[in-house]
Amino acid sequence: MSAPWDERQRAMLAEMGLRLPPAPRAPLIEAEAPPLPSPSVVSAPPPLMGVPARAPSSPSGFEGLSLPALREAVSACRGCGLCEQRRQAVFGAGALQQAQWLVVTDPVDEADDGAGEALSGDAGRLLDRMLAAAGQSRTGSAPTAFVTPIVKCRPPRGRAPQPAELEACEAVLAAQVALLQPRLVLALGLQAARRLTGLAEPLGRLRGRLHRWRELPLVVTYHPAYLLRSPADKAGAWDDLCLARRALHSA
Ligand code: SF4
Numbered sequence: 275m276s277a278p279w280d281e282r283q284r285a286m287l288a289e290m291g292l293r294l295p296p297a298p299r300a301p302l303i304e305a306e307a308p309p310l311p312s313p314s315v316v317s318a319p320p321p322l323m324g325v326p327a328r329a330p331s332s333p334s335g336f337e338g339l340s341l342p343a344l345r346e347a348v349s350a351c352r353g354c355g356l357c358e359q360r361r362q363a364v365f366g367a368g369a370l371q372q373a374q375w376l377v378v379t380d381p382v383d384e385a386d387d388g389a390g391e392a393l394s395g396d397a398g399r400l401l402d403r404m405l406a407a408a409g410q411s412r413t414g415s416a417p418t419a420f421v422t423p424i425v426k427c428r429p430p431r432g433r434a435p436q437p438a439e440l441e442a443c444e445a446v447l448a449a450q451v452a453l454l455q456p457r458l459v460l461a462l463g464l465q466a467a468r469r470l471t472g473l474a475e476p477l478g479r480l481r482g483r484l485h486r487w488r489e490l491p492l493v494v495t496y497h498p499a500y501l502l503r504s505p506a507d508k509a510g511a512w513d514d515l516c517l518a519r520r521a522l523h524s525a
């Protein structure tokens, strides 16, 4: 059973724009967090547009590198055409050794392409509050989550990454997984969600279900940049975080 939300987490939820009922005297987490979906709704994703949902493990020489060496290799990577117009590859940041959550986002925007960081602006601050409310963090002295884009280089003009680009960059993601050994994956946004689930469905149909990716539980939710534009959907994002939290505790 998951732990009840403490005062700090309630404060974080308030910052997300969500308010829970007053704290009960006895833990009432089950009232806020319905049970995990039954196994019948856990997806076994078929291939998406001819691309395997689980790409072969790294063919590109990333295996066996330390995290700093992998970051260095990615900064110089020319594994697909996205290297041509990037300003900086965005490796991601957070837990330095073992991560509880691996947060995989849609490709970075122009500002993050320049900064070399994933979710460095207002959307990143909202993500940090979402993670804190779920008992995770990507910053501080002991970060528990690692946040990284689905492709490390920004597609030109913000277009969606092509299947070949996604497949090439999954070698980097596979190496990150091998190093960080996450217990759960959270996909932020449609492009990350479709790639990791292998399902070409609307985001609304990918949310609310427990998927699997590389033997890991996978939960899909909205990208924080979308939530800034559509705050009414923060409640749905909160449901997704509850699902992720329960999946982690039951793993
Ligand atoms: S998107 Fe990934 S595979 Fe392509 S050049 Fe950048 S780091 Fe390499």
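Going by our numbering, the sequence shown opens with residue 275, and the numbers climb by one from there. By construction, the Cβ of each residue, glycine as well, lies at the ideal position given by its N, Cα and C atoms.
Residue j beta carbon less than 9 Å from that of residue i
{"i": "Leu526", "j": "Val459", "result": "With the chain running from 275 to 525 in the structure shown, residue 526 is simply not present."}
{"i": "Leu550", "j": "Ala461", "result": "Since the first and last residues shown for the chain are 275 and 525, residue 550 lies out of range."}
{"i": "Leu447", "j": "Asp380", "result": "no"}
{"i": "Leu393", "j": "Val421", "result": "yes"}
{"i": "Arg457", "j": "Leu370", "result": "no"}
{"i": "Arg352", "j": "Arg428", "result": "no"}
{"i": "Ala511", "j": "Met404", "result": "yes"}
{"i": "Gly390", "j": "Val364", "result": "yes"}
{"i": "Arg519", "j": "Gly398", "result": "no"}
{"i": "Leu484", "j": "Leu517", "result": "yes"}
{"i": "Phe336", "j": "Ala347", "result": "yes"}
{"i": "Gln372", "j": "Pro430", "result": "no"}
{"i": "Gly366", "j": "Pro423", "result": "yes"}
{"i": "Gly432", "j": "Asp383", "result": "yes"}
{"i": "Ser415", "j": "Gly368", "result": "no"}
{"i": "Arg468", "j": "Glu475", "result": "yes"}
Strand pairing of residue i, partner residues [DSSP]
{"i": "Trp375", "result": "Ala419, Leu458"}
{"i": "Pro492", "result": "The question names Pro, yet the displayed sequence has Leu at residue 492. BP columns for Leu492 point to Val459, His485."}
{"i": "Gly368", "result": "Phe420"}
Nearest-angstrom Cβ-Cβ length linking residue i and residue j, presumed shorter than 8 Å
{"i": "Met290", "j": "Ala442", "result": "Actually they are not in contact, since the Cβ atoms of Met290 and Ala442 sit about 35 Å apart, beyond 8 Å."}
{"i": "Trp375", "j": "Thr418", "result": "7 Å"}
{"i": "Arg479", "j": "Thr495", "result": "About 13 Å separates the two Cβ atoms, so there is no contact after all."}
{"i": "Cys357", "j": "Glu439", "result": "Their Cβ separation, rounded to whole angstroms, is 10 Å, which puts Cys357 and Glu439 out of contact at 8 Å."}
{"i": "Leu339", "j": "Ala449", "result": "7 Å"}
{"i": "Pro498", "j": "Leu341", "result": "Not a contact, Cβ separation roughly 24 Å."}
{"i": "Ala506", "j": "Leu292", "result": "Rounded, the Cβ-Cβ distance is 11 Å, inconsistent with contact."}
{"i": "Val378", "j": "Ala466", "result": "5 Å"}
heavy atom of the ligand ZN below 8 Å from residue i C-beta
{"i": "Arg469", "result": "Summarising the ligand content, the structure contains the ligand SF4 and does not contain the ligand ZN."}
In chain order, each alpha helix (DSSP H) run of at least 4 residues that lies wholly inside the region 379-416
384-389, 396-407
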